[in-house]
Amino acid sequence: MGVRRRTIAIIAAVVLALAAAGLVVWYVSSLREETKEAEPTRVVLVATADIPERTTGENMVAKKLVERKEIVLSAVAPGALSNEADLQGKILTVPVAKGQQILASQLGVPEEQSLSYRIRNGMRAISLAVDRRNAVGGAIKEGDRVDVIATFDADQFNAVQLIPTTTTVPTTPGGESPTTTAPPTSPMSLGMVLSPLEIARIKDLTGIDLSQTVSSVSITILQQVEVLAMDNLLPVVTRQQGGGGVLSGGGETTTEEVPNNPVITLMVTPSDAEKLVYAQAYGQITFTLVPARDTTPVDPVGHGLPNLFR
Numbered sequence: 003m004g005v006r007r008r009t010i011a012i013i014a015a016v017v018l019a020l021a022a023a024g025l026v027v028w029y030v031s032s033l034r035e036e037t038k039e040a041e042p043t044r045v046v047l048v049a050t051a052d053i054p055e056r057t058t059g060e061n062m063v064a065k066k067l068v069e070r071k072e073i074v075l076s077a078v079a080p081g082a083l084s085n086e087a088d089l090q091g092k093i094l095t096v097p098v099a100k101g102q103q104i105l106a107s108q109l110g111v112p113e114e115q116s117l118s119y120r121i122r123n124g125m126r127a128i129s130l131a132v133d134r135r136n137a138v139g140g141a142i143k144e145g146d147r148v149d150v151i152a153t154f155d156a157d158q159f160n161a162v163q164l165i166p167t168t169t170t171v172p173t174t175p176g177g178e179s180p181t182t183t184a185p186p187t188s189p190m191s192l193g194m195v196l197s198p199l200e201i202a203r204i205k206d207l208t209g210i211d212l213s214q215t216v217s218s219v220s221i222t223i224l225q226q227v228e229v230l231a232m233d234n235l236l237p238v239v240t241r242q243q244g245g246g247g248v249l250s251g252g253g254e255t256t257t258e259e260v261p262n263n264p265v266i267t268l269m270v271t272p273s274d275a276e277k278l279v280y281a282q283a284y285g286q287i288t289f290t291l292v293p294a295r296d297t298t299p300v301d302p303v304g305h306g307l308p309n310l311f312r
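Quick note on numbering: the sequence shown equals residues 3 to 312 in my numbering.
In structure tokens:
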């Protein structure tokens, strides 16, 4: 009887121990569930795929590269965005991996990232090296608007536009006739590169006949052109005064700022870009600054010696 009672007591103790352990597990699980339910959550934007750098916010939304996801507050990264509206007008400055939260620090303003984002569709950016004397002394700033005046001088025009003369020298029957090219000697008039209607219009307005070899004209070819950038750097130049040179250590060394010729970057149509390239290659370009509030185009007349004093 004693052995049987001890066995029953042991079994009862084991059962009670197991029951107690079960109660402990149940209690801990209940606490965890209560804690999980009590922890606050927040909706964040999460990448649904790998998103490359320079992707715009509009593309991220249109291509469904992001989704709104609710996560516990403790897992929310600092600066995480919650709404797709936060992406409008922005661009990714770094690549984002799939599943990663979209952060405000990963976004930038397109205009601050690349010049290409400031160029309107259908337009082009073109840079020209200009003389300060022909660019308002270098006072033109980014965001200004300018008119472009092109001056075509007959002598300068013909210096680069002369037509080489090709001559074929006859030989004996059955032999080849060698072709030789003489130095360029045929002068061109400005009118040879313009349409008859344009020549007639300019002559009617100004009295200048561009079909004449000696004709020269200054005329506004572009108006209200937006300036995207203006490089007005002043390089530091070290000069050596006195004998001995810099390497030998003789003389006095002075440092001064010497103005350089600026580079202006304009936003124009592809057709106007061609006009600028041609005008700079075969003439001289001058920029005039348009008043900030003036948006009215003018009717360019063109001037040369025949109408200069009218």
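The beta carbon of each residue, even a glycine, is placed where N, CA and C say it ideally should be.
In the structure shown, the three-state DSSP call for Leu83 is coil. Put simply, the backbone Cα of Phe311 is about 15 angstroms away from that of Ser218. Per DSSP, Lys277 is one residue of the alpha helix (DSSP H) stretching across 272 to 284.
Within the region 48 to 114, complete alpha helix (DSSP H) segments of at least 4 residues are found at 59 to 64, given in chain order. Ile93 sits close to Gly110, with the two beta carbons spaced by under 7 angstroms. Apart from the 5 residues on each side of it in sequence, Gly101 sits with its Cβ closer than 7 angstroms to the Cβ of Val48, Ala49 in its chain, given in chain order. Following the DSSP letters along the chain, one finds Leu130 inside the beta strand (DSSP E) bounded by residues 126 to 131. Considering only Val30, Asn136, Tyr119, the residue with the shortest C-alpha distance to Thr288 is Asn136. Judged by pairs of C-beta atoms under 8 angstroms, the region 198 to 209 does not touch the region 274 to 292, as fewer than three such pairs exist.
A direct Cα-Cα distance of roughly 41 angstroms separates Asp52 from Arg147. Taking 7 angstroms as the cut-off, the beta carbon of Ala131 is found closer than this to the beta carbon of Val265. Nearest neighbour of Gly59 by Cα position, chosen from Gly91, Val96, Ser116, turns out to be Gly91. Secondary structure at Val138: helix, using DSSP grouped into helix, strand and coil. A straight-line Cα-Cα distance of about 47 angstroms links Ser129 and Val45. In this chain, the alpha helix (DSSP H) harbouring Leu199 covers 198 to 208. The beta carbons of Leu89 and Met125 sit no closer together than 7 angstroms.
For Ala152, the enclosing beta strand (DSSP E) covers residues 147 to 154. In this structure Glu144 is not in contact with Val270, their Cβ atoms being roughly 16 angstroms apart against a cut-off of 8 angstroms.
Within the DSSP bridge table, the entry for Ala231 names Thr267 as partners. Apart from sequence neighbours up to five positions away, the residues of its chain that approach Thr57 with a beta-carbon distance below 6 angstroms are Leu94, ordered along the chain. In this structure, the alpha-carbon of Asp233 lies about 49 angstroms from that of Glu72.
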